[in-house]
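Residue numbers (the working numbering): 311 to 799. Right, one structure below, let's go through it.
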Amino acid sequence: MVKETDRALRGFCYNKGMNIHLIHTNDVHSHYEEFLKLASSIRDLRDELQARGEIVFLFDIGDHADRSRAETDGTFGLTNAALLRELGYDGFVFGNNEGLTLPQQSWEAFCQEASIPVLVSNLFKLEDGRRYPFFREHSLIYREGVTLGVFGLTAPFATYYERGGVQVVNPEECAVEQVRILREKGADIIVLLSHLGLKADRRIAANVPGIDVILGGHTHHVLERPERVGDTWIGQAGKYAAYYGHMVLDYDHISRKVRDVSGIVIPNEEENEVDGELARVFSEWREVAQRTLSTVVADLPCTLYNRIDGESPLANLLADELRLLTGTEIAFFNTGTLLSSLGPGAVTKMMLLNCCPSPIMPVTGKYTGAELKRIFAKSLLPAYFEKIGFGFGFRGREIGTMAVSGVTWEVGHDGALLSVRVGDQPLLDDHLYSCATIDYLTFSGVYEEVKLGRHLRHEPIFLRELLERALKDPGALERAYVPRRIRKE
311 MVKETDRALR
321 GFCYNKGMNI
331 HLIHTNDVHS
341 HYEEFLKLAS
351 SIRDLRDELQ
361 ARGEIVFLFD
371 IGDHADRSRA
381 ETDGTFGLTN
391 AALLRELGYD
401 GFVFGNNEGL
411 TLPQQSWEAF
421 CQEASIPVLV
431 SNLFKLEDGR
441 RYPFFREHSL
451 IYREGVTLGV
461 FGLTAPFATY
471 YERGGVQVVN
481 PEECAVEQVR
491 ILREKGADII
501 VLLSHLGLKA
511 DRRIAANVPG
521 IDVILGGHTH
531 HVLERPERVG
541 DTWIGQAGKY
551 AAYYGHMVLD
561 YDHISRKVRD
571 VSGIVIPNEE
581 ENEVDGELAR
591 VFSEWREVAQ
601 RTLSTVVADL
611 PCTLYNRIDG
621 ESPLANLLAD
631 ELRLLTGTEI
641 AFFNTGTLLS
651 SLGPGAVTKM
661 MLLNCCPSPI
671 MPVTGKYTGA
681 ELKRIFAKSL
691 LPAYFEKIGF
701 GFGFRGREIG
711 TMAVSGVTWE
721 VGHDGALLSV
731 RVGDQPLLDD
741 HLYSCATIDY
751 LTFSGVYEEV
761 KLGRHLRHEP
771 IFLRELLERA
781 LKDPGALERA
791 YVPRRIRKE
């Protein structure tokens, strides 16, 4: 149960009118062990509040799933959906991890397994502009004479979604429309579940009147107290199930308006017990994932090594497959994306996941020879290949050096780049080359030159899926041992 001393520390002022409680989580990213403990605390708080006759709602703000975890990858997020259902959430919004890393053909199964309103107001079918039937544009929830109107918005990664046939509508325009519709339908209180990030939440709060509360996520901010912008209150509760949010609305049932808001984020305490019912559900879905990921995809005659500080056959293999997929002249990516070597012997889908857990995808674009030389030269420096990476889908540790395909480097005895050749021709500084790379490099800014790519186009396939293709091609394995770095003594 929630301790009396804990409640006193929260500083909540339970008024003599009506209290409406919003409990919220966001950006769990398949940190299941932490979430199972957090869920126990959430149940205790909700049970106590409901026993007092209080009105309680529970929402998740997206990125609950992360395919770097086997239980998510092996079930396409059904493990996460089952946990949302079991804890009894009142609504959930797709985050970019659900929308961009779960295959579209799995979205409907996810929504069915969750059995709760999956609220996505700004995603439509590109072919005809229609809504997906398994998403809800909004939800009206009636409790104790109060009508709560809820809608959800997800981050507008338009170039990614459009490659998959999905149209993303401007979130602010959607917010205006949803507020109008919900007020017309009689909503007393309007809550936006926003997987847009804190900056966007503040902008919507300032520009879109009529939203009482924005429960946010995506940028992993921890707002210890609700932030007020105009007449809208914003809450966000960090990441990885380290916290959950508890917001209390002081609602005047006479004027049918929110008079004031208080709240905190509640940390996930080490002594929290694991929620038994969720643990049972999790265990069942883990077995399903393990069976799926035990599938053998290749049998290697030798070890394909990877290294972060130099050339290796495993990274060469993936670079070659990148170039083959895209039909570009050159391919390059950072070797820290690969976390282990593979083989000898049977390679399973689980091994591929452990080797390449990042939900990173290929990107094509055009770069000048001069830009490519700078990228390649930097990647030979310890300051770059030993740098610790984070965010933008990266699930490794060190950035790693650059693996390449379609070019050969001449490297001096001191490890510095001397020259680059494309086939049997020198790389020309002012010539534009078609290249394949990965989205992490275009987003992260590790190499400023990669962000300068022209006509960037995203390919909706994971790197480990490309790696699986290449492992099945004996010719590709042979080519992976052809050196791309020639040391000049």
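Just so it is clear, CB atoms sit at the ideal spot from N, CA and C, and this is done for glycine as well.
In whole angstroms, what is the alpha-carbon distance linking E581 and V732?
E581 and V732: Cα-Cα distance of roughly 59 angstroms.
Would you mind sorting I371 into buried or exposed? The rule is 16 or more other CB atoms within 10 Å of its CB.
With 16 or more Cβ atoms within 10 Å of its Cβ, I371 is classed as buried.
I'd like to check one pair, C484 with F642: are the Cβ atoms closer than 8 angstroms?
No; because the gap between Cβ atoms is not below 8 angstroms, this pair is not in contact.
Evaluate P466 with the Cβ neighbour count: other Cβ atoms within 10 Å of its Cβ, from every protein chain shown; 16 or more gives buried, anything less gives exposed.
P466 should be labelled buried.
CB V795 to CB E621, shorter than 8 angstroms?
First, the amino acid is wrong: residue 795 is Arg here, not Val. Cβ atoms of R795 and E621: closer than 8 angstroms.
Any chance you could list the beta strand (DSSP E) runs of at least 3 consecutive residues sitting entirely within the region 704-781, in chain order?
Within the region 704-781, the complete beta strand (DSSP E) runs of at least 3 residues are 712-715, 717-721, 727-732, 742-748, 764-768.
Would G387 and F420 be called neighbours here (beta carbons separated by less than 8 angstroms)?
A contact, by the Cβ cut-off of 8 angstroms.
If I measure Cβ to Cβ from R353 and keep anything under 8 angstroms in the same chain, skipping five residues before and after, which residues do I get?
L397, D585, listed in sequence order.
Do you know whose CA, among I698, P623, D609, lies nearest L659's CA?
A small correction: the amino acid at residue 659 is Lys; Leu does not occupy that position in the sequence shown. When only C-alpha atoms are compared, the closest one is D609.
Using the C-alpha atoms, what's the distance from I564 back to P413?
When rounded, the distance between both Cα atoms is 47 angstroms.
What's the gap between the Cα of G699 and the Cα of G710?
So the alpha carbons of these two residues sit roughly 9 angstroms apart.
For the beta strand (DSSP E) that S689 lies in, which residues bound it at each end?
Where S689 is concerned, there is no enclosing beta strand (DSSP E), although the alpha helix (DSSP H) it sits in stretches over 679-689.
Mapping the DSSP letters down to three states, classify D498 as helix, strand or coil.
The answer is coil: DSSP assigns D498 none of H, G, I, E or B.
To the nearest angstrom, report how far apart G755 and P427 are at their CA atoms.
Approximately 37 angstroms, taken between the alpha carbons.
Which one or two residues does DSSP pair with D609 in a beta bridge?
Per DSSP, A656.
What residue range does the alpha helix (DSSP H) around A465 cover?
Run containing A465: none; DSSP gives neither H nor E here.
For my contact list, P692 and P654 are in at a C-beta cut-off of 8 angstroms; report their separation, rounded to the angstrom.
In fact, because the Cβ distance is near 31 angstroms, the residues do not count as touching under 8 angstroms.
Leaving aside the five residues before and after R356 along the sequence, list all residues of the same chain whose C-beta is less than 7 angstroms from its C-beta, in chain order.
Closer than 7 angstroms at the Cβ level, and outside the excluded window around R356, lie I333, V366, L368.
Give a yes or no on contact between the region 482-499 and the region 547-558, applying the rule of three or more CB pairs nearer than 8 angstroms.
No, because fewer than three Cβ pairs between the region 482-499 and the region 547-558 fall closer than 8 angstroms, the two stretches do not touch.
Using alpha carbons as the reference points, say which of L614, A726, R684, I670 lies closest to G701.
Nearest of L614, A726, R684, I670 to G701, Cα basis: I670.
Any heavy atom of the ligand PLP inside 7 angstroms of the beta-carbon of G384?
For the ligand PLP, the structure offers nothing, since it holds no ligand at all.
The alpha helix (DSSP H) that contains E631, what's its start and end?
Residues 623-636.
Smallest Cα separation from L648: which of E639, A656, N626, T638?
Cα-wise, what sits closest to L648 is N626.
Output needed for M311: all residues of its chain with C-beta closer than 7 angstroms, excluding positions within five of it in sequence on either side, in chain order.
The pLDDT assigned to M311 is 38, lower than 50, so where the model puts this residue is not dependable, and the model offers no usable value.
Using a Cβ-Cβ cutoff of less than 8 angstroms, which residues in the same chain neighbour T315 once the five nearest sequence positions on both sides are dropped?
Only weak support exists for where T315 lies, its pLDDT of 33 falling under 50; the value from the coordinates is given anyway. Excluding residues within five positions, none has a Cβ falling inside 8 angstroms.
So T382 is in the beta strand (DSSP E); what residue range does that whole segment cover?
Segment 380-383 is the alpha helix (DSSP H) holding T382; no beta strand (DSSP E) there.
For N329, which residues of its own chain have a beta-carbon under 6 angstroms away from its beta-carbon, when the five flanking residues on both sides are left out?
For N329, where only same-chain residues beyond five positions count, the Cβ hits under 6 angstroms are E364, V558.
Report the option in A391, A790, L766 whose CA atom is closest to the CA atom of G401.
Looking at the Cα atoms, A391 is the closest of the given residues.
Measuring only the C-alpha atoms, how far is L624 from T464?
Rounded to whole angstroms, L624 to T464 spans 36 angstroms at the Cα level.
Please state whether DSSP places I371 in a helix, a strand or coil.
In the structure shown, I371 sits in coil (DSSP, three-state: anything other than H, G, I, E or B).
Might you give, ordered along the chain, the residues of its own chain that have their beta carbon closer than 6 angstroms to the beta carbon of G384, omitting 5 neighbours on each side?
Cβ within range, chain order: A599, T602, L603.
What is the residue span of the beta strand (DSSP E) that R797 lies within?
First-last of the beta strand (DSSP E) with R797: 795-797.
Just to confirm the assignment, what range does the alpha helix (DSSP H) spanning K347 have?
Run containing K347: 342-361, per the alpha helix (DSSP H) assignment.
Which of the three DSSP states is assigned to Y553 in this structure?
In the structure shown, Y553 sits in a strand (DSSP, three-state: E or B).
Name the residue from V539, I574, G540, Y553 whose alpha carbon lies nearest to the alpha carbon of H530.
Measuring from the Cα of H530, the nearest candidate turns out to be Y553.
Comparing C-alpha positions only, which one of S650, A656, L458, I748 sits nearest to K495?
Residue L458 is the option with its Cα nearest to K495.
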